[in-house]
Amino acid sequence: MTLRELEYLVALAKYRHFGRAAEACQVSQPTLSAQIKKLEDELGVALVERDSRGVILTSYGHETATRARQILVEIQQLKESVRQNQNPEAGTVRLGIFPTLGPYLLPYLVPPTRKRFPDLELLLIEEKSSNLLSRLRDGEIDAAILALPINDSQLRTEFLFEERFLLAVSTSHPLARRTSIGIEELVDHDLMLLEDGHCLRDHALEVCQFSGANERSSFRATSLETLRQMVSADVGITLLPELATLNQSTLSNSIHLLTFSDSEPSRQIAMCWRKSSAREPLFLSLAELFKTCANQVLQRPAASQTRGQSRPAARRKIAS
């Protein structure tokens, strides 16, 4: 039994398709299929059921894939431990970040990170939060920048910054004559939101629930940029995270932003990684750098936070 065979089984369990699993492992499909058959012969049990529709794992297959995934994570952590002793600030870090934050935060983080850690390669992965959490648990990425709360006892979280939401309306909207609005005034408005799976949608729904506003059910955007274009076209109004409004070259001249005058809605951002990771000292240093950069961009002092403790969810701030 080889680690390569275990990698093939884990990939097959993830993709449930020989072709896609082979592509992910960068081998031919016959090679992957042959190695899975070899593993089955060695274990003396069938791990997969093969048919024209794809792949179904047997009960033995599920159990073996789960254990194989744990073994591969342990091997990765062993390598990290050796690397940590050689040069703690070298190597590669696979960092995940979600789509409604990545394009607006990373330009401020990457240059100072390269300067502070010249021997470190930062591989950036942009996916929805649920996918990033799954990949983090499975050892496919090393750390992730996510919105709180993160309820997972196997993960360590380090608070980075708080990002407020602004109300975006078109310049022809009646609210464009104002610079601020009370959260309770949203009760008479419908908000355009993102589709399911985006954590920003969850935050916006909580704002709707608290304020009495409604979701505009006839439209759900696939991206934050789509929402901005719809506001610009005066189709509706929405909430935008503050970082997405800082670059004036990408913010349409036909969009007007309002701050909230009372219970300001916001989201809290943290960096998280596996508690078992041997690279925690590096991740703490990265988190400290990210925290400083983000708060400088947002022009506010870095909030103090006990390391490893999650702050309350951002939604509760609007109830203060």
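Here this note's numbering is used: the first residue of the sequence shown is 1426, the next is one more, and so on. Don't be surprised by glycine CBs; every beta carbon is placed ideally from N, CA and C.
The beta carbon of GLY1637 sits closer than 6 Å to those of VAL1612, all from its chain and outside the five residues before and after it, given in chain order. Pairing LEU1558 with LEU1548 gives a Cβ-Cβ distance that is not under 9 Å. GLU1430 sits away from GLN1454, with the two beta carbons spaced by 9 Å or more. Under the three-state reduction of DSSP, ILE1496 is assigned to helix.
The Cβ-Cβ distance between PHE1708 and ASP1567 falls below 9 Å. In terms of Cβ geometry, LEU1671 and PRO1690 do not form a close pair [threshold 9 Å].
The C-beta distance from GLY1521 to ARG1560 rounds to 7 Å, short enough to fall under 8 Å.
With contacts defined as CB atoms closer than 9 Å, ALA1446 and LEU1482 fail to qualify as a contacting pair. Setting aside the 5 residues that flank it on each side, LEU1625 is surrounded in the same chain by THR1525, LEU1619, each with a C-beta closer than 6 Å to its C-beta; the list follows chain order.
Secondary structure of ASP1466 (DSSP, three-state): helix. Going by C-alpha positions, GLN1721 is about 12 Å away from GLU1713. Counting C-beta pairs closer than 8 Å gives three or more between the region 1685-1699 and the region 1577-1585, which meets the contact rule. Rounded to whole angstroms, VAL1470 and TYR1485 show a C-alpha spacing of 7 Å. Contact check for LEU1530 against THR1538 fails: the beta carbons are separated by 9 Å or more.
By DSSP's assignment, ALA1646 forms a beta bridge with LEU1619. Classified as exposed, SER1506 has fewer than 16 neighbouring CB atoms from the shown chains inside 10 Å of its CB. Nearest Cα to GLY1564 within the set ALA1436, THR1717, ARG1725, ILE1575: ALA1436. Nearest to LEU1668 by C-alpha distance, out of THR1596, ALA1490, LEU1591, is LEU1591. With 16 or more other Cβ atoms inside 10 Å of its own Cβ, LEU1464 counts as buried. GLY1521 has ILE1550, ALA1569 as its beta-bridge partners, per DSSP. For SER1595, the number of other beta carbons within 10 angstroms of its own is at least 16, and it is reported as buried. The continuous beta strand (DSSP E) containing GLU1587 extends over residues 1580-1595.
Per DSSP, SER1636 is not a residue of any beta strand (DSSP E); the alpha helix (DSSP H) it occupies stretches across 1624-1636. A check of alpha carbon separations from ARG1519 across ASN1512, PRO1528, PRO1532, GLN1501 identifies GLN1501 as the nearest. Here the alpha carbons of CYS1718 and ALA1493 stand approximately 39 Å from one another. Scanning ARG1581, ARG1704, GLU1551 for the CA closest to the CA of LEU1503 turns up ARG1704.
With distances taken between CA atoms, ILE1662 lies nearest to LEU1600 out of LEU1600, SER1555, VAL1452, ARG1541. Between LEU1468 and ALA1490, the C-beta spacing is not below 9 Å. Secondary structure note for THR1717: its alpha helix (DSSP H) is the uninterrupted segment 1705-1722. The DSSP-derived three-state label of ASP1544 is coil. Separation of THR1647 and ARG1641 (C-alpha to C-alpha, rounded to the nearest whole angstrom) is 14 Å.
For SER1484, the three-state secondary structure derived from DSSP is helix.
In its chain, beyond the 5 residues on either side, ARG1562, ARG1699, LYS1700, SER1701 have a beta carbon closer than 8 Å to the beta carbon of GLN1579. If you look at GLU1474, you'll find it in the beta strand (DSSP E) that goes 1473-1476.
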